[in-house]
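There are 2 protein chains.
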Amino acid sequence: MRYGVAAFPSKKLQDLANSYRKRYDTKYAKVPPHITLKEPFDLDESEVQKVIEKIREIAKSSAPFDVSVLKFSSFYPVTNTLYMKLQENSEMRRLQEKLNEGELDFGQEHPFVPHITIGQEMDYDELSDVYGRLKMEKIEHHETIDRFSLLYQLEDGTWTAYETFLLGGTQ
Amino acid sequence: MRYGVAAFPSKKLQDLANSYRKRYDTKYAKVPPHITLKEPFDLDESEVQKVIEKIREIAKSSAPFDVSVLKFSSFYPVTNTLYMKLQENSEMRRLQEKLNEGELDFGQEHPFVPHITIGQEMDYDELSDVYGRLKMEKIEHHETIDRFSLLYQLEDGTWTAYETFLLGGTQ
């Protein structure tokens, strides 16, 4: 089965992301707006429990992290993706590293660029038009993330949350 | 904010439900296939923490429950909904009661009929046609549910999982 690890930001930030996603993101209906902490990976049923135990350990020993959105950006020309760029900080970076090293190192295709996707698989013309406008817009949003989720993918490509993990014994 | 409590069945059962939902369920893209344990309710931010604490307590003191799907059914003529009917059992019933009584009693519009919706807001003609066919189909699926989730609704009607609760100290 295919799994992924992501954090869902506040309703406010998700609503803002969705106001773009519904127009520009081909995967809008597949998953709510999210911050990917671990790229999708495949696991046999026999391995799931061990991986979850490890993720629980990591969550307990990690601190909640701040999210600041100060600009829009694009992965063009690598992919025709638009995103809200998140300012990196050491708590976020360390959590992402712990979720991708040692027994959780399943190979990471992209370097970690903390972001919330708001458009993907866009035509070049639309991408440059929308990105041109977004670069002029002022955005400033701050919040603290105190949890993240392990998700799995259904046959139709949508994602279901399997378990949430509270950071740093928030519970 | 609007919240709801639901259990997500296994990927296998969700995939089966989605094979119908993608054609017959107007809310297909809003939430993965689920078993509603508490109807949507509104909460002020100030009340959320207290409600979550109560739900955590209930989860810890509740047992995992069996899910058996043996037939399709319909809520027609109350609503033009098709669903997989789940056999009720005392663990499932008791959990649903605990999530809807005392300080969690926010009013329940419908009696508890454990089910997974596979079609809703259907034309009468399509409903009777599809239901007629499904009544002839054999279905038999059994599994155990060991967790459920608190979800909240975004402005566009989609649901995000806020926290999962493991039943009976599964963790």
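Keeping their order, the protein sequence lines are chains A and B. Mapping the first sequence onto UniProt numbering, position 168 (from 1) lands on 168, and the numbers just tick up by one. Mapping the second sequence onto UniProt numbering, position 162 (from 1) lands on 162, and the numbers just tick up by one. Where a beta carbon is used, it is the ideal one built from N, C-alpha and C, also for glycine. Remember, predicted model here, so these are calculated numbers, not experimental data.
Segment limits, beta strand (DSSP E) that includes residue i
{"i": "M84 (chain A)", "result": "82-86"}
{"i": "F49 (chain B)", "result": "Here the sequence assigns Gln to residue 49 (chain B), which means Phe is not the residue at that position. Element bounds for Q49 (chain B): not the beta strand (DSSP E) but the alpha helix (DSSP H), 45-60."}
{"i": "D42 (chain B)", "result": "35-42"}
Contact under 8 Å by Cβ, residue i with residue j
{"i": "F72 (chain B)", "j": "L86 (chain B)", "result": "no"}
{"i": "P33 (chain B)", "j": "I139 (chain B)", "result": "no"}
{"i": "L151 (chain B)", "j": "A6 (chain B)", "result": "yes"}
{"i": "R2 (chain A)", "j": "D42 (chain A)", "result": "yes"}
{"i": "T164 (chain A)", "j": "E163 (chain B)", "result": "yes"}
{"i": "G119 (chain A)", "j": "D25 (chain A)", "result": "yes"}
{"i": "E97 (chain B)", "j": "P114 (chain B)", "result": "no"}
{"i": "I35 (chain A)", "j": "P9 (chain A)", "result": "yes"}
{"i": "S61 (chain B)", "j": "L127 (chain B)", "result": "no"}
{"i": "N18 (chain B)", "j": "D123 (chain A)", "result": "no"}
{"i": "K11 (chain A)", "j": "L154 (chain B)", "result": "yes"}
{"i": "L134 (chain A)", "j": "A59 (chain A)", "result": "no"}
Given residue i as reference, the closest of the options once Cα atoms are compared
{"i": "L104 (chain B)", "options": "B:L166, B:Q49, B:K12, B:G168", "result": "B:Q49"}
{"i": "V130 (chain A)", "options": "A:L13, A:R21, A:V113, A:D15", "result": "A:R21"}
{"i": "E91 (chain B)", "options": "B:E57, B:T160, B:T144", "result": "B:T144"}
{"i": "L95 (chain B)", "options": "B:K27, B:L37, B:L13", "result": "B:L37"}
{"i": "K132 (chain B)", "options": "B:H142, B:Y76, B:L167", "result": "One point to set straight first is that residue 132 (chain B) is Gly, not Lys, in the sequence displayed. Measuring from the Cα of G132 (chain B), the nearest candidate turns out to be B:Y76."}
{"i": "S68 (chain B)", "options": "B:H142, B:P40, B:E57", "result": "B:H142"}
{"i": "E121 (chain B)", "options": "B:V78, B:Q153, B:D44", "result": "B:V78"}
{"i": "F112 (chain B)", "options": "B:G4, B:A29, B:E39", "result": "B:E39"}
{"i": "R56 (chain A)", "options": "A:L99, A:E137, A:V31", "result": "A:L99"}
{"i": "K30 (chain B)", "options": "B:G168, B:W159, B:L167, B:L166", "result": "B:W159"}
{"i": "D125 (chain B)", "options": "B:G168, B:L134, B:N80", "result": "B:N80"}
{"i": "G4 (chain A)", "options": "A:R93, A:M84, A:I52", "result": "A:I52"}
{"i": "F148 (chain A)", "options": "B:E137, B:D146, B:A161, B:M136", "result": "B:A161"}
{"i": "F106 (chain A)", "options": "A:M136, A:D146, A:D44", "result": "A:D44"}
{"i": "M84 (chain A)", "options": "A:E137, A:S46, A:D146", "result": "A:E137"}
Cross-strand partners of residue i (DSSP beta bridge)
{"i": "V69 (chain A)", "result": "A:L86, A:H141"}
{"i": "I116 (chain B)", "result": "B:M84"}
{"i": "S149 (chain A)", "result": "A:A6, A:T164"}
{"i": "S74 (chain A)", "result": "A:L82"}
First through last residue of the alpha helix (DSSP H) which encompasses residue i
{"i": "L13 (chain A)", "result": "11-24"}
{"i": "G132 (chain B)", "result": "124-136"}
Neighbour list for residue i in chain E, Cβ cutoff strictly below 8 Å
{"i": "Q14 (chain A)", "result": "Absent from the structure: chain E. Protein chains present are A and B."}
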